[in-house]
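2 protein chains.
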Amino acid sequence: MTSSQTAGTAPRSALTRARVLESAVVLADRDGLGALTMRSLARELGIEAMSLYHHVANKEDLLDGVVDVVAAEIQDAVGRLDTQADDAPKSAWKPAMRRQILTSRAVLLRHPWASTVLESRTSFSLHIVRYFDSLIGLMRRGGFSYDLVHHALHALGSRALGFSQELFEPDGAAAGSAAGGGAEEGADDAATAMLMQMAEQVPHMIEMLAEISHEGPESTLGWCDDQTEFEFGLDIILDGLDRLAEREQH
Amino acid sequence: MTSSQTAGTAPRSALTRARVLESAVVLADRDGLGALTMRSLARELGIEAMSLYHHVANKEDLLDGVVDVVAAEIQDAVGRLDTQADDAPKSAWKPAMRRQILTSRAVLLRHPWASTVLESRTSFSLHIVRYFDSLIGLMRRGGFSYDLVHHALHALGSRALGFSQELFEPDGAAAGSAAGGGAEEGADDAATAMLMQMAEQVPHMIEMLAEISHEGPESTLGWCDDQTEFEFGLDIILDGLDRLAEREQH
DNA sequence: GAAGGAGGCTTACAACGTAAGCCTTACGCC
DNA sequence: GGCGTAAGGCTTACGTTGTAAGCCTCCTTC
Chain A
1 MTSSQTAGTA PRSALTRARV LESAVVLADR DGLGALTMRS LARELGIEAM SLYHHVANKE
61 DLLDGVVDVV AAEIQDAVGR LDTQADDAPK SAWKPAMRRQ ILTSRAVLLR HPWASTVLES
121 RTSFSLHIVR YFDSLIGLMR RGGFSYDLVH HALHALGSRA LGFSQELFEP DGAAAGSAAG
181 GGAEEGADDA ATAMLMQMAE QVPHMIEMLA EISHEGPEST LGWCDDQTEF EFGLDIILDG
241 LDRLAEREQH
Chain B
1 MTSSQTAGTA PRSALTRARV LESAVVLADR DGLGALTMRS LARELGIEAM SLYHHVANKE
61 DLLDGVVDVV AAEIQDAVGR LDTQADDAPK SAWKPAMRRQ ILTSRAVLLR HPWASTVLES
121 RTSFSLHIVR YFDSLIGLMR RGGFSYDLVH HALHALGSRA LGFSQELFEP DGAAAGSAAG
181 GGAEEGADDA ATAMLMQMAE QVPHMIEMLA EISHEGPEST LGWCDDQTEF EFGLDIILDG
241 LDRLAEREQH
């Protein structure tokens, strides 16, 4: 409620909310999300855990803030794209949207833990909302009704921000156990072996694996290129939306 | 390594792995995923926490097992669908796949926590793999190349099992804090209020909200029908795959 | 110079997963 | 029939997590 507080406040300490959040991002990037605890973050900053609570309300708030940092990074990257000319043809929405989404994806790929945190948030970040606002703007300029825009956002889901929800990520980048148990590399081989064991229960899958990696299905999970698959799925949705938008306009 | 152990083993106790897992599902259904701890599960079963470790290796294993229970439920429901006739036209893959996915979704809607756990798994459940195998089979009968099948599974992502990754679920069904802080109902009103405050920063979004819920944007997050939105997105992808499959066959 | 608050620190607690080890019971075997 | 064995319960204890409570020490402002 103190109103004369906005600009002045000569900081006694170098520790600020911004510095806390920044350190949290660095720590998560380096050691994984699971390593981001109040105590480890404090250690990183050379202070005690409880001191953090003068800058964040609790861990939830810390994660909110950390999401916001990444969201700002996304918005910054998106802002660098050349904005669309007003006299662009209606069909320009599709490549523009594609570019914005892939730009966001590029940022998120630098912070593999971020999508997990993002999903778990219950409140909005202003930067994220602005991101979505610009997506809405692109679709509107493409002639979408607001109703279609709304459906489109749902259809894109997490893909709107540049990540997809794969069921089984072989490299558990989002998993927290960075310094946990050992077995990590033999994972896909083990999975493949398991599949072979139940070959007769899953004939199509076996055959698919045999055919796709046609030098024999010894390493099955390494053959997917995430970026290609993401763009494939994205383009299906964008093309579908395109068709619906055209139909809307008779 | 005792080989004469498979069928006999007169059980001294009524407590088995199956009963443990079943109780875990019940508990998670009732109190949420966050309430599923080794201690609470033990209490539910009338035993002590450490006794659970005679039936599950650790909590990860417990979650694996719990996923497997739900996966079995899914497979059971899918199995009840009338299997596709061999002389069905190629185009039959699409409604069949749609039905299977929506059936899985119906099961998952009864266990709102399950999708979260499912995502976090690093190992496969046989039931899940068989589920995917049958999807693959449907697409193959529809004339898909294995390559297209593979892309299709990636494009569907979590939608293949019947849930989509919405960025901001207003009702935090998957969130763990069932018995935590209080504020839950005023959430969307609060979010709406926040949006109104930054109206000029997100003009398109404000306008969209104003138009869609055109009795004025007072409750913005209640207007989405999850099932409708899911089917909308699913159909876009299925239609897109359909077109690609046809193109493949010249 | 007194007041007060911002921001650090220490201590303490409850809840979590789980390692270690004890005790009982029931079964298989001589 | 007695005995070894192990399955399956229980108790205790430890380290880690988030965080409540309170102390102290500055710096800023009347």
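Going down the list, the protein sequences come from chains A and B.
Position 233, counted from 1, in the first sequence is what UniProt numbering calls 233; the numbers after and before it change by one each time, with no gaps.
Position 40, counted from 1, in the second sequence is what UniProt numbering calls 40; the numbers after and before it change by one each time, with no gaps.
Ideal Cβ positions, reconstructed from N, Cα and C, are used throughout, including at glycine.
How should residue i be labelled, buried or exposed, when 16 other C-beta atoms within 10 angstroms of its C-beta is the threshold for buried?
i                     : result
residue 46 (chain B)  : exposed
residue 119 (chain A) : buried
residue 114 (chain B) : buried
residue 160 (chain A) : buried
residue 194 (chain B) : exposed
residue 151 (chain B) : buried
residue 183 (chain B) : Summary for residue 183 (chain B): the model assigns pLDDT 41, below 50, so the residue's position carries little reliability, and this model does not support an answer.
Name the residue from the options whose alpha carbon lies nearest to the alpha carbon of residue i.
i                     : options                    : result
residue 110 (chain B) : B:77, B:139, B:122         : B:77
residue 72 (chain B)  : B:240, B:130, B:212, B:57  : B:130
residue 138 (chain A) : B:227, B:202, B:14         : B:202
residue 162 (chain A) : A:199, A:132, A:58         : A:132
residue 17 (chain B)  : B:121, B:40, B:62, B:90    : B:62
residue 224 (chain B) : A:148, A:117, A:30, A:124  : A:148
residue 102 (chain A) : A:231, A:29, A:39          : A:231
residue 213 (chain A) : B:126, B:199, B:146        : B:146
residue 70 (chain A)  : A:164, A:56, A:105         : A:105
residue 267 (chain A) : A:150, A:144, A:226        : The shown model of chain A, from 1 to 250, leaves out residue 267 (chain A), and the question about it has no answer.
residue 89 (chain B)  : B:141, B:123, B:20, B:248  : B:141
residue 56 (chain A)  : A:19, A:196, A:123         : A:19
residue 164 (chain B) : B:211, B:58, B:227         : B:227
residue 281 (chain B) : A:42, A:198, A:21          : Outside the shown range of chain B (1 to 250) lies residue 281 (chain B), about which nothing can therefore be said.
residue 123 (chain B) : A:116, A:122, A:123, A:192 : A:192
If contacts are defined as beta-carbon pairs under 8 Å, then residue i and residue j qualify, I think. What distance do you get, rounded to the angstrom?
i                     : j                     : result
residue 157 (chain B) : residue 60 (chain A)  : At roughly 27 Å, the Cβ-Cβ gap does not stay under 8 Å, so residue 157 (chain B) and residue 60 (chain A) are not in contact.
residue 136 (chain B) : residue 205 (chain A) : 6 Å
residue 154 (chain A) : residue 229 (chain B) : 4 Å
residue 134 (chain B) : residue 100 (chain B) : 7 Å
residue 234 (chain A) : residue 98 (chain A)  : 7 Å
Residue i by DSSP, collapsed to three states: which one?
i                     : result
residue 184 (chain B) : For residue 184 (chain B), the predicted structure reports a pLDDT of 42, less than 50, and the residue's modelled location is therefore unreliable. A value from the coordinates is still provided. Note: residue 184 (chain B) maps to coil in three-state DSSP.
residue 84 (chain B)  : coil
residue 21 (chain A)  : helix
residue 3 (chain B)   : In this prediction, residue 3 (chain B) scores a pLDDT of 35, lower than 50, which makes its location untrustworthy; the coordinate-derived value is nonetheless stated afterwards. It is coil, neither helix nor strand.
residue 124 (chain A) : coil
residue 16 (chain B)  : coil
residue 166 (chain B) : coil
residue 202 (chain A) : coil
residue 115 (chain A) : helix
residue 77 (chain B)  : helix
residue 157 (chain B) : helix
residue 60 (chain A)  : helix
residue 171 (chain B) : With a pLDDT of only 46 at residue 171 (chain B), under 50, the local geometry of the prediction cannot be trusted, and no value is derived from it.
residue 225 (chain A) : coil
residue 263 (chain B) : Because residue 263 (chain B) is not part of the residues shown, which for chain B are 1 to 250, the question remains open.
residue 233 (chain A) : helix
residue 178 (chain B) : Only weak support exists for where residue 178 (chain B) lies, its pLDDT of 34 falling under 50; the value from the coordinates is given anyway. In the structure shown, residue 178 (chain B) sits in coil (DSSP, three-state: anything other than H, G, I, E or B).
residue 197 (chain A) : helix
residue 240 (chain A) : helix
Handout entry: Touch test, the segment 31 to 42 of chain A against the segment 73 to 89 of chain A, Cβ-Cβ under 8 Å, three pairs minimum
Key = Cβ pair count under 8 Å is below three, so no.
Exercise for the section: May I ask you to verify whether the segment 60 to 67 of chain A touches the segment 20 to 31 of chain A, counting CB pairs closer than 8 Å and requiring at least 3? Expected result: Counting C-beta pairs with one atom in each stretch, the segment 60 to 67 of chain A and the segment 20 to 31 of chain A have three or more that are closer than 8 Å, which means they touch.
Handout entry: Contact between the segment 91 to 98 of chain A and the segment 228 to 240 of chain A (3+ Cβ pairs under 8 Å)
Key = Three or more beta-carbon pairs drawn from the segment 91 to 98 of chain A and the segment 228 to 240 of chain A are found closer than 8 Å, and the two stretches are therefore classed as touching.
Practice task
Could you tell me whether the segment 98 to 112 of chain A touches the segment 48 to 56 of chain A, where touching means 3 or more Cβ pairs closer than 8 Å?
Solution key: No, the segment 98 to 112 of chain A does not touch the segment 48 to 56 of chain A.
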